[in-house]
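Position one of the sequence shown corresponds to residue 48 (my numbering), numbered consecutively onward. Ideal placement from N, C-alpha and C gives every residue a C-beta, glycine not left out. Just so it is clear, the structure is predicted and the values come from calculations on it, not from any experiment.
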Amino acid sequence: MNAPFRRHHAFYSLLALAAAAILFVAVNILASGWTQRLDLTEQRLYTLSPGSRSVLRQIEEPITVRFYYSDRLGREVPAYATYATRVRELLDEYSALSGGKIRVEQLNPLSFSDEEDRAVAFGLQGVPITQGGEQVYFGLAATNSTDDEQVIAFLQPERERFLEYDLTKLVYNLANPKKKVVALISDLPLEGDVMAMRMTGRPPQPWAIMEQLRAFFEMRQLGGDVTEIGDDVAVVMVVHPKKMNPQTQYAIDQFVLRGGRAIVFVDPNSEAERSRPNPMQRGPVEDASSNLDTLMKSWGVEMVKGKVLGDRFSARKVNAGGSSRIQAVDYVAWLALRPANFDTADPITAELNLLNLATTGILRKADGGTTEIAPLVQSSPASMEIDATEFMAPVPDVLGLLNRFQSQNKRETIAARIQGPAKSAFPDGPPRKEPPKPASDSDEDKKKAEDEAKAQEAEYAKIKEKHLAEARQPINVIVVADTDILDDRFWVNAQDFFGQRMQVPIANNADFVANAIENLTGSNELIGLRSRGTSSRPFERVQALQRDAESQFRAKEKELQDKLRDVEKKLADIRNQGQGQGAQAILTADQQRSIDQFRTEMVATRKELRDVQLALRKDIDRLQSTVQFVNIGLVPIVVAVFAILLGLWRRSRRRRGRSRTATARA
Numbered sequence: 048m049n050a051p052f053r054r055h056h057a058f059y060s061l062l063a064l065a066a067a068a069i070l071f072v073a074v075n076i077l078a079s080g081w082t083q084r085l086d087l088t089e090q091r092l093y094t095l096s097p098g099s100r101s102v103l104r105q106i107e108e109p110i111t112v113r114f115y116y117s118d119r120l121g122r123e124v125p126a127y128a129t130y131a132t133r134v135r136e137l138l139d140e141y142s143a144l145s146g147g148k149i150r151v152e153q154l155n156p157l158s159f160s161d162e163e164d165r166a167v168a169f170g171l172q173g174v175p176i177t178q179g180g181e182q183v184y185f186g187l188a189a190t191n192s193t194d195d196e197q198v199i200a201f202l203q204p205e206r207e208r209f210l211e212y213d214l215t216k217l218v219y220n221l222a223n224p225k226k227k228v229v230a231l232i233s234d235l236p237l238e239g240d241v242m243a244m245r246m247t248g249r250p251p252q253p254w255a256i257m258e259q260l261r262a263f264f265e266m267r268q269l270g271g272d273v274t275e276i277g278d279d280v281a282v283v284m285v286v287h288p289k290k291m292n293p294q295t296q297y298a299i300d301q302f303v304l305r306g307g308r309a310i311v312f313v314d315p316n317s318e319a320e321r322s323r324p325n326p327m328q329r330g331p332v333e334d335a336s337s338n339l340d341t342l343m344k345s346w347g348v349e350m351v352k353g354k355v356l357g358d359r360f361s362a363r364k365v366n367a368g369g370s371s372r373i374q375a376v377d378y379v380a381w382l383a384l385r386p387a388n389f390d391t392a393d394p395i396t397a398e399l400n401l402l403n404l405a406t407t408g409i410l411r412k413a414d415g416g417t418t419e420i421a422p423l424v425q426s427s428p429a430s431m432e433i434d435a436t437e438f439m440a441p442v443p444d445v446l447g448l449l450n451r452f453q454s455q456n457k458r459e460t461i462a463a464r465i466q467g468p469a470k471s472a473f474p475d476g477p478p479r480k481e482p483p484k485p486a487s488d489s490d491e492d493k494k495k496a497e498d499e500a501k502a503q504e505a506e507y508a509k510i511k512e513k514h515l516a517e518a519r520q521p522i523n524v525i526v527v528a529d530t531d532i533l534d535d536r537f538w539v540n541a542q543d544f545f546g547q548r549m550q551v552p553i554a555n556n557a558d559f560v561a562n563a564i565e566n567l568t569g570s571n572e573l574i575g576l577r578s579r580g581t582s583s584r585p586f587e588r589v590q591a592l593q594r595d596a597e598s599q600f601r602a603k604e605k606e607l608q609d610k611l612r613d614v615e616k617k618l619a620d621i622r623n624q625g626q627g628q629g630a631q632a633i634l635t636a637d638q639q640r641s642i643d644q645f646r647t648e649m650v651a652t653r654k655e656l657r658d659v660q661l662a663l664r665k666d667i668d669r670l671q672s673t674v675q676f677v678n679i680g681l682v683p684i685v686v687a688v689f690a691i692l693l694g695l696w697r698r699s700r701r702r703r704g705r706s707r708t709a710t711a712r713a
């Protein structure tokens, strides 16, 4: 009786295993159609953002995305095959969430094939993979129903963190071919230095921020005397207004009071201007500051004049010191700001990870202001006001600024949103222009000047009729006390890839600007996805340990330098005395003992410095060892212990089952 039972038991066990395997495969096939991957990353890097979903829901006409991928590229370089799988999966998700409005085609452009000709016609970047000239492709070309085109020439694995951003931007541009107009008024060459072009013959190279903004907006450069800003403009962007005439300021004033939006970038010390001096100007830039105080005060905000913000906790590391001793030092005027510095309740800064700024200003509420000032970006409490004159030298005293730093224990505002009722900065109406003067005493020139004066007066009367003394509705303006946030040096790495300029962001500077403009235009669809651009996560505890130890190190170093200067002065005095006597100076026994004592103290101080650095290294190594143990050893140990306990529990359960069976048979 036992033998048949064992045979039936074995048969049923095999049958159960086969059924479990079939069920497992079936569940996976069904689940792949309606479930999502579990994203356990802190920043949810692998979950499609709400901004992307919103863009996909608003697609009205079909979009065709052609994914050109050469299989040979994946065979030769496996990393590209892995990335291609990621791209395909994300494209399938876009297609599913769009309700079929996005149609994805995958093409393998073989050499000298029709697919390769079409890829080249779209502008995709071919990469040679053999000496015979065979090229491979890895890019996207998308079109809408009106034959508008958007192309990603080559999908760089280095930009995988920005894949969703690139794909949604591509879809958004095809689904919204008509872009919002942003009027640009700038004293910085954001569109490229035309003066340098005339002198060198090279075409002007726009700043990377302009290329980013053009992907979403129609950027319209306004130059000369701006007397009025049209109603078709959604946002006016003012950058580094150094020499803005009253007529242009009045045009901006009335635009904002009519309900227009504005974003203004001012700076107490624009390093962007200092690094790009006017070719016609000799010598360094004397004044690199800008302000728009007349308008800003009417909006209820002002920038502290002549002051640069220093921040000990947010300082960036730079190389400083002499040629004989270069060391990494915290530059308190160059800031790397992180989420703790942002307003997480505002959609502009809610999910930014990093902003790099340089010699920024300080914003405060103006006396008598009627608007609400909501800080978007702030310093840490370890901040300090620094005179802007400290940064006029070609090379600032980085070590000196650090040694002289004294925290004022107050958070300062760098960027702010201004909302609320406001009055015109020109209560008496539009400013008048200087009347034209005749070029000469001739009757013809006098008549010409009179005609110009009449035309000017007629234009003034026309503008005055439309004058607004106060805002029709609460204004909405964003002011940023830094222009270097726009400078390529601080947020993007430009790379040359087979003759094509590739831009890899290292900070969210462009995201902040684009988020701000989109928010001002009333469009929030893309804000969520842009903030996913950077996945850098600093070791904050390690940085805190470094700062504490470095503070001790700097104090000891300064003390040692002071002692060195004192002894050098004493030695110089002795030499002078000897020369005055006409003989070589001879050190007395007391002087020699003083010098020997100092040398002993110097050796002891240096040893103490080494001890401080050694203690710092020990703390960091101890923390690193703990992290490595948790990541590498603790998790497997926990799993092993759980498996052992589960095995013991199951074994005990089987023993109890056999014992009950034996008792029943007995």
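Through-space distance from residue j to residue i, alpha-carbon basis
i	j	result
W254	E238	6 angstroms
G347	L221	40 angstroms
V167	D393	43 angstroms
P485	K493	5 angstroms
A518	V379	39 angstroms
A421	I564	16 angstroms
N403	F389	13 angstroms
V151	R464	41 angstroms
N540	G306	37 angstroms
T418	L138	45 angstroms
R707	R698	14 angstroms
A472	L533	27 angstroms
L449	T341	34 angstroms
L567	S233	19 angstroms
D693	V686	It is worth fixing the name first, because residue 693 is Leu in this sequence and not Asp. Going by the C-alpha atoms only, they are around 10 angstroms apart.
K412	F438	25 angstroms
P474	Q503	21 angstroms
L120	V551	22 angstroms
G357	I433	6 angstroms
N555	I684	39 angstroms
K495	A505	15 angstroms
DSSP bridge partner residues for residue i (one or two, in chain order)
i	result
A541	Q550
L356	E432
W381	A405
P175	Q182
K412	V348
F312	V286, V527
L154	Y115
Whether residue i touches residue j by CB criterion (7 angstroms)
i	j	result
E275	A309	no
R359	A429	yes
L154	E162	yes
Q172	F209	no
V524	A462	no
T406	V355	yes
T391	Q425	no
Spatial neighbours of residue i in its chain, beta-carbon cut-off 8 angstroms, leaving aside the 5 residues before and after
i	result
G416	K344, W346, G347, V348
T530	L235, V286, H287, F312, V313, D314, S317, A319, E320, S337
T710	none
T82	Caution applies to T82, whose pLDDT of 42 falls short of 50 and renders its modelled position unreliable; the model cannot decide the point.
D272	N292, Q294, T295
V376	K364, V365, N366, A367, G368, V445, L446, L449
T436	G353
K457	P428, S430
Other residues of its chain near residue i: CB distance less than 6 angstroms, five sequence neighbours each side excluded
i	result
K226	F264, E265
V198	F169, G170, A188
P482	A500
K148	I106, P109
M284	V229, L231, I310
Close-in-space but distant-in-sequence residues of the same chain around residue i (CB under 7 angstroms, 5 per side omitted)
i	result
Q259	A557, A561
A335	N316, S317, E320, R321
A65	none
P156	Y115, S117, E162, E163, A166, Y184
L726	Here the chain covers residues 48 to 713 and nothing more, so residue 726 does not appear.
Min CB distance residue i to chain D below 7 angstroms
i	result
G147	Of the protein chains in this structure there is only one, and it is not chain D.
Query raised in the report: Can you find at least 3 beta carbon pairs, one from the region 475-485 and one from the region 420-436, that sit closer than 8 angstroms?
Result: no
Query raised in the report: Within the chosen definition, does the region 464-473 reach the region 501-519 through at least 3 CB pairs nearer than 8 angstroms?
Result: yes
Query raised in the report: So, do the region 183-200 and the region 109-123 have three or more beta carbon pairs nearer to each other than 8 angstroms?
Result: yes
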